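Student: Note that the working numbering gives residue 288 to position 289 of the sequence shown, counting from 1, and the numbers run on in steps of one. Pasting a structure here, questions to come.
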Amino acid sequence: GGMGVVYKAEDTKLKRIVALKFLPSDLLRNEEAKKRLTLEAQAASALDHNNICTIHEINETEDGQLYIAMANYDGETLETKIEQKQLSFENTIDIIIQVAQGLSKAHETGIVHRDVKPSNIMITNDGVVKILDFGLAKLSNHPKLTKKGSTLGTVAYMSPEQIQGEEVDRRADIWAIGVILYEMITGQLPFKGEYDQAIIYSILNESPESISNLRTELPPRIEQILTKCISKKKEARYQNVNEMMADLRLLKQQMEFPIISPKPTVETTSRSSKSSLVIIVASIVIVVLSSLLFWVFV
Numbered sequence: 000g001g002m003g004v005v006y007k008a009e010d011t012k013l014k015r016i017v018a019l020k021f022l023p024s025d026l027l028r029n030e031e032a033k034k035r036l037t038l039e040a041q042a043a044s045a046l047d048h049n050n051i052c053t054i055h056e057i058n059e060t061e062d063g064q065l066y067i068a069m070a071n072y073d074g075e076t077l078e079t080k081i082e083q084k085q086l087s088f089e090n091t092i093d094i095i096i097q098v099a100q101g102l103s104k105a106h107e108t109g110i111v112h113r114d115v116k117p118s119n120i121m122i123t124n125d126g127v128v129k130i131l132d133f134g135l136a137k138l139s140n141h142p143k144l145t146k147k148g149s150t151l152g153t154v155a156y157m158s159p160e161q162i163q164g165e166e167v168d169r170r171a172d173i174w175a176i177g178v179i180l181y182e183m184i185t186g187q188l189p190f191k192g193e194y195d196q197a198i199i200y201s202i203l204n205e206s207p208e209s210i211s212n213l214r215t216e217l218p219p220r221i222e223q224i225l226t227k228c229i230s231k232k233k234e235a236r237y238q239n240v241n242e243m244m245a246d247l248r249l250l251k252q253q254m255e256f257p258i259i260s261p262k263p264t265v266e267t268t269s270r271s272s273k274s275s276l277v278i279i280v281a282s283i284v285i286v287v288l289s290s291l292l293f294w295v296f297v
């Protein structure tokens, strides 16, 4: 996980398989890290949502190691699916909608994930998305644990304001969703570099290659959605994930039920031809009558 080591284990009391997350040994002396992990468990355990990993308990081992017991899921991370090119465009949209649903629940309670990335997203064997590792979660009523100037997160998915150590809110998660969506569609990151500083420069100063250049068969609307997710100015992004979800659902609906102009039937064509013939004949009659009347009165 983001700042913890995770093991698969058995809950001997309830006879179930769980995932245990421990703080890394080099952070055990850091009381702030312990507080953050504790707050993560308290916050995440209250997030009762199908797209968020279930937290069972927080506890300590006999030697004082703090751990969180979480649900263990059978499936693959989104990172693995991207690497193995297992995703259709339709499947991609469905996964991102589920991610947005989970984050919407977290944002409603004041929690910003801060480290949304493919390795923190599990796809179960039933196709259900589970957001993992709220280890970097920012509770808005505990600002001291995410001090201004810190850059907690994974660089490639971090928003400009997070990189620059500015105050981070839910729009940073929206940026991360946009980066993930771009990667799922194209197989590459929108902002690239050989090392972290190069990636940071790209995020702050460069524009990603257009989706329409990489996937010409996709609807233009997806590029508009992506552009709004990864705008460098957070004021220009979607202001909440529900807005983004609405656009994605509309796009999905339009793809499933495209509006196609009906082709004229034989009967319609026949009627149209007859109508045209009647109009032509009527026009000729009017012209002839007009000519006769002219000569009569002359």
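By construction, the Cβ of each residue, glycine as well, lies at the ideal position given by its N, Cα and C atoms. All of these numbers come straight from a predicted model, not from anything done at the bench.
Give the secondary structure of R15 by DSSP, where H, G and I count as helix, E and B as strand, and everything else as coil.
Tutor: Here residue 15 refers to the residue found at position 16 when the sequence shown is read from its first residue. DSSP places R15 in strand when its eight states are reduced to three.
Student: Helix, strand or coil, according to DSSP, for V127 in the structure here?
Tutor: Along the sequence shown, one-based indexing puts residue 127 at 128. Three-state result, V127: coil.
Student: So Q74 is in the beta strand (DSSP E); what residue range does that whole segment cover?
Tutor: To locate residue 74, count along the sequence shown from 1; it is residue 75. Residue identity differs from the one stated: residue 74 is Gly in this sequence, not Gln. Its beta strand (DSSP E) spans residues 74 to 76.
Student: Using alpha carbons as the reference points, say which of K14, E182, Q196 lies closest to E208.
Tutor: Taking the sequence shown and counting its residues from 1, the one referred to as residue 208 is at position 209. Ranking the options by Cα distance to E208, first place goes to E182.
Student: Hey, out of E75, Q252, L46, whose CA is closest to N119's CA?
Tutor: As a working note, residue 119 is residue 120 in the sequence shown. The candidate whose alpha carbon is nearest that of N119 is E75.
Student: Straight-line CA distance for T108 to D47?
Tutor: For the purposes of this step, residue 108 is taken as residue 109 along the sequence shown, with counting starting at 1. For the purposes of this step, residue 47 is taken as residue 48 along the sequence shown, with counting starting at 1. Distance between the alpha carbons of T108 and D47 is about 11 Å.
Student: Considering just the uninterrupted stretch of the beta strand (DSSP E) at Y66, what are its terminal residues?
Tutor: Here the question's residue 66 lines up with position 67 in the sequence shown. That run of the beta strand (DSSP E) goes 65 to 70.
Student: In three-state terms, what does DSSP make of M157?
Tutor: Numbered from 1 along the sequence shown, position 158 holds the residue referred to as residue 157. Coil, per DSSP.
Student: So, are the CB atoms of I162 and L203 less than 8 Å apart?
Tutor: Counted from its first residue, the sequence shown places residue 162 at position 163. Counted from its first residue, the sequence shown places residue 203 at position 204. Taking 8 Å as the Cβ cut-off, I162 and L203 qualify as a contacting pair.
Student: Give me the Cα-Cα distance between S103 and K20, rounded to the nearest whole angstrom.
Tutor: Mapped onto the sequence shown, residue 103 falls at position 104. Mapped onto the sequence shown, residue 20 falls at position 21. Computed Cα separation, rounded: 24 Å.
Student: Using a 10 Å radius around the Cβ and a threshold of 16 neighbouring Cβ atoms, would you call G101 buried or exposed?
Tutor: Locating residue 101 in the sequence shown gives position 102, counting from the first residue. G101 should be labelled buried.
Student: Which ranges does the alpha helix (DSSP H) cover as unbroken runs of at least 4 residues, wholly within the stretch 201 to 235, from first to last along the chain?
Tutor: With a minimum length of 4 residues, the continuous alpha helix (DSSP H) runs that stay inside the stretch 201 to 235 are 210 to 213, 220 to 228.
Student: Provide the residue(s) that pair with M244 in DSSP beta bridges, ordered along the chain.
Tutor: In the sequence shown, counting from the first residue as 1, residue 244 sits at position 245. Paired residue(s): none; M244 is not in a bridge.
Student: Which residues bound the alpha helix (DSSP H) around Y237?
Tutor: By one-based count along the sequence shown, residue 237 stands at place 238. Segment: none, Y237 is in no alpha helix (DSSP H) and carries neither H nor E.
Student: Counting C-beta neighbours from all protein chains within 10 Å, is the total for E159 16 or more, i.e. buried, or is it exposed?
Tutor: For this step, residue 159 is matched to residue 160 along the sequence shown. A quick correction: the sequence has Pro, not Glu, at residue 159. When all chains shown are included, P159 counts as buried.
Student: How long is the line joining the alpha carbons of N90 and V98, rounded to whole angstroms?
Tutor: For this step, residue 90 is matched to residue 91 along the sequence shown. For this step, residue 98 is matched to residue 99 along the sequence shown. Looking at the two C-alpha atoms, the distance is approximately 12 Å.
Student: Could you tell me if G177 is buried or exposed, where buried requires 16 or more neighbouring beta carbons within 10 angstroms of its beta carbon?
Tutor: Reading the sequence shown from its first residue, position 178 is the one you call residue 177. So G177 ends up on the buried side.
Student: Look up Y6 in the DSSP assignment and say whether it is helix, strand or coil.
Tutor: Here the question's residue 6 lines up with position 7 in the sequence shown. It is a strand residue.
Student: Can you tell which of M254, G192, L188, Q85 has its C-alpha closest to the C-alpha of L225?
Tutor: Against the sequence shown, residue 225 aligns to sequence position 226. That would be L188, whose Cα lies nearest to the Cα of L225.
Student: Just tell me which of K7, N50, W174 has its CA closest to the CA of K129.
Tutor: Position 130 of the sequence shown, counted from the start, is the residue given in the question as residue 129. Closest by alpha carbon: N50.
Student: With distances taken Cα to Cα, identify the nearest neighbour of Y66 among R15, E216, Y6.
Tutor: Mapped onto the sequence shown, residue 66 falls at position 67. Comparing Cα-Cα distances from Y66 to each of R15, E216, Y6, the minimum goes to Y6.
Student: Suppose you measure from the CA of E234 to the CA of E59; what does that come to, to the nearest Å?
Tutor: Here residue 234 refers to the residue found at position 235 of the sequence shown. Here residue 59 refers to the residue found at position 60 of the sequence shown. In a straight line, the C-alpha of E234 is about 42 Å away from that of E59.
Student: Measure the beta-carbon distance from E166 to P117 and round it to whole angstroms, keeping in mind my assumption that it falls under 8 Å.
Tutor: To locate residue 166, count along the sequence shown from 1; it is residue 167. To locate residue 117, count along the sequence shown from 1; it is residue 118. With 8 Å as the limit, E166 and P117 do not qualify as a contact, their Cβ atoms being about 26 Å apart.
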